[in-house]
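Encoded as structure tokens, the structure appears first; notes follow it.
Numbering (the UniProt record's numbering), first residue to last: 1 to 251.
Right, dumping it as structure tokens:
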């Protein structure tokens with residue numbers, strides 16, 4: 001299966017509105033029907049309308065946020081990467097113009113046994129743009145070993161790299177290493193490029209919040225289940241100086 005979905009948000013009449021929306025199964029984009037308050041974010045739900053990714057799939061999501069516009073793109077259910085003929089690949093490319101804001105908050109991705117999946121997230125921020133992007137990865141369904149996943153994240157601002165990260169899951173020995181996942185089944189992370197950055201790194205029980213060298217911050221949490229990982233990630237973000245913006249309800 002090959003699919004491409006497109007989403008563009010602009011400011012019109014003081015409100016952030018969806019200007020272009022094109023869905024293709026399994027990527028279905030559903031905008032919230034209620035009108036966006038003046039200065040508020042346009043809310044779009046990302047719905048999986050078919051089983052995907054399956055081996056051989058190529059799925060592409062492209063998002064553009066115009067100058068001063070705000071978008072909250074929220075997942076509605078977990079994604080399960082399944083085995084098939086060959087590997088599967090999903091790409092998300094987000095561009096945010098000057099003064100724009102994007103919150104990309106998909107639900108958990110589960111890497112089922114024998115799956116071979118590659119996930120790429122690229123975020124390009126203009127000067128004064130803001131972004132927060134979440135990723136939650138689960139190594140295998142209940143009672144089964146994990147398949148293989150390579151997840152890459154690249155975030156730039158004005159062409160300058162803020163974060164380049166590559167996560168390779170699937171090797172049980174590596175995942176058990178104290179220097180990697182320490183045996184945890186779930187890895188949750190969120191990169192935040194907002195108005196302010198934490199003054200220094202912080203950590204707690206299986207979570208951390210670290211400022212990035214060129215601006216922004218990375219929150220990370222480990223757990224044996226997705227719910228606990230989500231709570232620990234929220235605990236990490238609660239120490240971010242812009243916490244009042246980051247922990248508002250996402251729906």
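Using N, Cα and C, we set each Cβ at its ideal position, and we do this for glycine too.
Nothing here was measured: the structure is a model prediction, and the numbers come from that model.
Residue 15 has its alpha-carbon roughly 43 Å from the corresponding atom of residue 181. Within the same chain, 184, 185 and 186 come within 8 Å of residue 224 by CB-CB distance, once the 5 residues on both sides are set aside. Here residue 195 is exposed, its C-beta having fewer than 16 other C-beta atoms within 10 Å.
For residue 67, the closest C-alpha among the options 245, 108 and 19 is that of 19. With contacts defined as CB atoms closer than 9 Å, residue 142 and residue 103 fail to qualify as a contacting pair. Within 10 angstroms of the beta-carbon of residue 204 lie fewer than 16 other beta-carbons, which makes it exposed.
By DSSP's assignment, residue 142 forms no beta bridge with any residue.
Boundaries of the alpha helix (DSSP H) harbouring residue 235: 226 to 237, taken from the DSSP string.
The beta carbons of residue 152 and residue 120 sit about 5 Å from each other, so the pair counts as a contact at 8 Å.
Residue 246 sits in a helix when the DSSP states are folded into three classes. Nearest C-alpha to residue 57 among 32, 42 and 90: 90.
Cβ neighbours of residue 2 within its own chain (closer than 6 Å, five residues either side excluded): 58.
Per DSSP, residue 173 is one residue of the alpha helix (DSSP H) stretching across 172 to 176.
Residue 109: member of the beta strand (DSSP E) spanning 109 to 111, first to last residue. Between residue 7 and residue 72, the C-beta spacing is not below 9 Å. For residue 5, the three-state secondary structure derived from DSSP is strand.
The C-beta distance from residue 239 to residue 209 rounds to 5 Å, short enough to fall under 8 Å. A Cβ-Cβ separation of about 7 Å places residue 131 in contact with residue 155 under the 8 Å criterion. With respect to the 9 Å criterion, residue 137 and residue 115 are not classified as neighbours on the basis of their beta carbons.
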